[in-house]
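Asker: If you count the sequence shown from 1, you need to add 24 to reach this note's numbering.
Once you've had a glance at the structure underneath, I'll fire off some questions.
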Amino acid sequence: MRRNRRLWLLGLLGFLALMAWWLAPSSGRGSAGPAHHPPGHGHISGHPVPASTTPLDPDWDGDGRPVTLAFGGDVNFPSGSTLGDRLAADPATAMGPGVPQLLSGVDLSMVNLETALTDGTCPDPQPKQYVFYAPSAAVSALRGGGVTLVTEANNHGEDCGAPGLQMALTTAQQSGYRVLGIGQNAAQAFSPYRITINGQKIAIIAATQVIDSDLQAAWTATPTQPGLASAYDVTDLVHAVEAARKVSDTVVVFLHWGTELDACPDPDQQPLADVLVRAGADVIVGSHAHVLLGGGYLGSAYVDYGLGNFAFYNAPPPTDQSGSLVVTVTGRHIDGVTWRPAIIENEVPVPLTGAEAASALVAWNAARACTDASPTPESSLATSESETSPAPATVARQLSVDSG
């Protein structure tokens with residue numbers, strides 16, 4: 025009898041010990057409940073305790089290690105321009121010494137390549153005012169400047185027609201350099217760039233909200249047609265964000281959007297940013313206007329409505345205002361945002377210092393006034409439900425945007 029009672033007590037103690045191990049946060053088997061970490065929180069040294077258990081939770085911080093990302097605006101290398109001549113003379117240094125400075129100390133960097141990427145010819149010039157194309161040596165220039173990847177989802181990505189697009193796809197494949205926003209079909213065009221940095225799974229998706237109206241049908245990637253990732257109908261873009269959200273610690277969307285030379289968001293940018301944040305995007309950036317627009321927090325996500333020109337030909341004021349946006353993230357948390365201002369001289373960016381940099385930062389912060397963005401993080405707009413639901417019909421409509 026005593027023996028049976030002793031065995032029963034030992035069994036009970038063993039069961040309780042097992043349950044304690046199972047529920048302990050450090051065991052990886054369970055959690056004492058989601059910890060509250062306001063955006064921008066730090067981490068105690070040692071193995072961090074997860075803030076939540078799924079990337080669909082706005083408090084998700086992955087493995088708790090930060091990653092620093094840098095973004096620049098528009099880049100091109102037109103033949104006959106200073107940038108084009110620099111590219112022909114020495115691709116490795118074509119973007120100038122300022123670009124590596126603007127992108128220094130980051131884990132990943134990205135810009136918008138505002139040109140068709142071809143073999144140096146333009147096999148099918150499109151019927152439009154400006155036709156930009158650059159040879160495959162542009163990849164060497166981007167690498168030389170420290171640019172990790174680019175998007176060609178913009179209103180110049182197919183300036184040399186379908187044959188030029190195939191040249192870009194071939195160049196990307198042969199060089200191993202990732203060009204987002206284009207593909208043999210919509211699935212490939214919306215396919216994210218995936219990379220693991222510091223144990224954090226980063227996904228970057230690119231799309232354009234600007235294509236000349238008479239070229240939209242020919243340029244838009246479909247299930248059976250090569251082309252660009254178009255955000256005129258946001259359904260594919262929302263689905264791409266939702267799919268990335270389920271398996272990524274940080275989701276970034278790089279857009280071509282806005283109205284040329286307009287320093288405030290146009291009527292289509294803010295609704296698109298809202299639906300993408302609700303779908304699970306943590307960082308949204310973009311360019312097209314060729315001038316700087318404001319940036320800030322949309323809920324707990326960070327949105328920059330216009331990065332301006334980065335390295336660009338013929339950039340008179342105010343299109344000569346340049347710089348890089350540096351964002352440090354830990355999972356879904358925005359730990360810090362920095363604008364590194366520059367000015368374009370001889371078509372390449374020159375970082376600003378001292379009083380000039382301080383003045384440029386004041387102007388950059390002031391640009392936020394005409395946006396829906398906040399200077400500080402607020403409660404998340406995203407929920408597990410919004411990140412797995414179809415886009416609202418009012419947003420999924422085809423958006424009319426400036427096609428300049």
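C-beta atoms are modelled at their ideal positions from N, C-alpha and C, and glycine is treated no differently.
1) Return the chain-ordered list of same chain residues with a C-beta closer than 7 Å to the C-beta of SER311, the five sequence neighbours on each side being excluded.
2) Please identify the residue among LEU204, ASP273, ALA113, ALA339 whose C-alpha is closest to the C-alpha of VAL353.
3) Between which two residues does the beta strand (DSSP E) harbouring SER346 extend?
4) Would you mind giving the Cβ-Cβ distance between GLY320 and PRO399, rounded to the nearest angstrom? I have them listed as a contact below 8 Å.
5) Which residues in the same chain as SER383 place their Cβ atom closer than 6 Å to its Cβ, once the five residues preceding and following it in sequence are excluded?
6) List the endpoints of the continuous beta strand (DSSP E) containing ASN389.
7) Can you name, in chain order, every residue of its own chain whose Cβ lies under 6 Å from the Cβ of PHE101, other than the five neighbours on each side?
8) Quick check on DSSP: helix, strand or coil for LEU47?
9) DSSP on SER4, reduced to helix/strand/coil?
10) Does the beta-carbon of LEU285 have 16 or more other beta-carbons within 10 angstroms, so that it is buried, or is it exposed?
11) By alpha-carbon positions, which one of ALA192, SER133, VAL155 ends up nearest to ARG167?
12) Please determine, among ALA116, PRO90, PRO151, the residue with the shortest C-alpha to C-alpha distance to VAL130.
13) Measuring alpha carbon to alpha carbon, tell me which of PHE336, ALA325, ASP290 ends up nearest VAL301.
14) If we count Cβ pairs, one from each stretch, closer than 8 Å, do we get three or more for the stretch 224 to 237 versus the stretch 245 to 255?
15) Could you pull the start and end residues of the beta strand (DSSP E) that TRP15 belongs to?
16) For ARG218, which residues does DSSP report across the bridge?
17) DSSP on GLY149, reduced to helix/strand/coil?
Answerer: Reading off the structure:
1) GLY97, ASP98, ASN136, HIS280, GLY330, LEU331, GLY332
2) ASP273
3) SER346: member of the beta strand (DSSP E) spanning 345 to 354, first to last residue.
4) 5 Å
5) none
6) First-last for ASN389: 378 to 390, but that is the alpha helix (DSSP H), not the beta strand (DSSP E).
7) Cβ neighbours of PHE101 beyond the five flanking positions: LEU107, GLY108, LEU111, ALA158, ALA162.
8) Note that LEU47 scores 34 on pLDDT, short of 50, meaning its location in the model is unreliable and no value can be drawn from it.
9) The structure shown does not extend to residue 4, since the chain is modelled only from 25 through 428, so no value can be given for it.
10) Around the beta carbon of LEU285, fewer than 16 other beta carbons sit within 10 angstroms, so the residue counts as exposed.
11) SER133
12) PRO90
13) ALA325
14) yes
15) Since the first residue of the chain shown is 25 and the last is 428, residue 15 is not available in this structure.
16) ALA227
17) Note that residue 149 is Pro in the sequence shown, not Gly. Looking at PRO149 - three-state DSSP - the assignment turns out to be coil, as it is neither helix nor strand.
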